[in-house]
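Asks:
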């Protein structure tokens, strides 16, 4: 190799792992349940794209135990020893503990003795994408670190109220990726990201717990249902416009046309939302650009994009050299696009 050959510091995904809770449930029990509240859930499920979800019924199963299972799969697929990890970051909007950090407990369970950096992140349903972007930047800027584990886990079945429409489509799930910094003569891996935040529409959409932790821990209320996750929709953000602007921004910043994006990993908030965006940007090729998994797998929250990427790689939809756009969108709203080249 020529001494003048340019080398790129690439952060690549060495391996991925996913986990779904065991209990698969169709729509019917929830449709019957919500008749008590005079809510036509069948119509809502059709609009959102919900047929099944996977719910944990094991009281011993937690966001941490699910995270461990996904992490072990990712490490195995990456052919990476836990001894080689420098960083562990845990992303969740349903963490098991506030203290100590869940990432610390995951490090302990994995017996990853050489890890130097552990911390938790919460950016709701944008959590994994943002955590991956954060660890990518750590690996690229601190020469001490070469490998990191990013793991996300969500167990909304433990938090959602029985009368809350937004949570009954969630699946209890986890996902993990092993990231590695490598020096190469081509540019690939995580290349760029762009993010916006706008609280003008959905900032009051949800509260979990409903009255906040400080009151939750001090209240005399004994009815747990009144304290759990509850949503109060007042409008919807213009996701098609927002996602399009971000996609165009990241393409322009990296010398790509939007047609050169081979696949899109979207936060599957609703089927019609995803279809509106994909069809508006790719009217002739939209069926090849995105797969809506949520009908069969349930809404996976922050894990959605990793499940989609794993599926696309396994089915050969994307391969070496493919440009993949990874979206993470969180209620509030904040939304992130990251460019990943296989």
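In our numbering, the protein residues as written are 63 to 404.
Glycine included, C-beta positions come from ideal geometry on N, C-alpha and C.
1. Could you name the residues of the same chain whose beta carbon sits closer than 8 Å to that of residue 403, not counting the 5 residues immediately before and after it, in chain order?
2. With respect to the beta strand (DSSP E) encompassing residue 385, which residues constitute its N-terminal and C-terminal limits?
3. With 16 other CB atoms within 10 Å as the buried threshold, where does residue 107 fall?
4. State the Cα-Cα distance for the pair residue 218 and residue 124, rounded to the nearest angstrom.
5. Beta carbon of residue 201, beta carbon of residue 312: below 8 Å?
6. Quick one: Cα of residue 376 to Cα of residue 211, how far?
7. Residue ranges of each beta strand (DSSP E) run of no fewer than 3 residues wholly in the region 326-402, ordered along the chain?
8. In whole angstroms, what separates the C-alpha of residue 419 from that of residue 129?
9. Can you tell me whether residue 164 is buried or exposed? The criterion is at least 16 other CB atoms within 10 Å of its CB, across all chains shown.
10. If I measure Cβ to Cβ from residue 144 and keep anything under 7 Å in the same chain, skipping five residues before and after, which residues do I get?
11. What number of angstroms, rounded off, separates the C-alpha of residue 140 from the C-alpha of residue 329?
12. If we ignore side chains and look at the alpha-carbon of each, how far apart do residue 199 and residue 94 end up?
13. Quick check: residue 368 and residue 239, are their CB atoms within less than 8 Å of each other?
14. Would you say the region 102-116 touches the region 308-328, given that touching needs at least three Cβ pairs under 8 Å?
Replies: Taking the coordinates as given:
1. 249, 250, 251, 253, 383, 384, 385, 386
2. 385-392
3. buried
4. 11 Å
5. no
6. 21 Å
7. 385-392
8. Not covered by the structure: residue 419. The range shown for the chain is 63 to 404.
9. buried
10. 137, 172, 173, 174
11. 25 Å
12. 48 Å
13. yes
14. no
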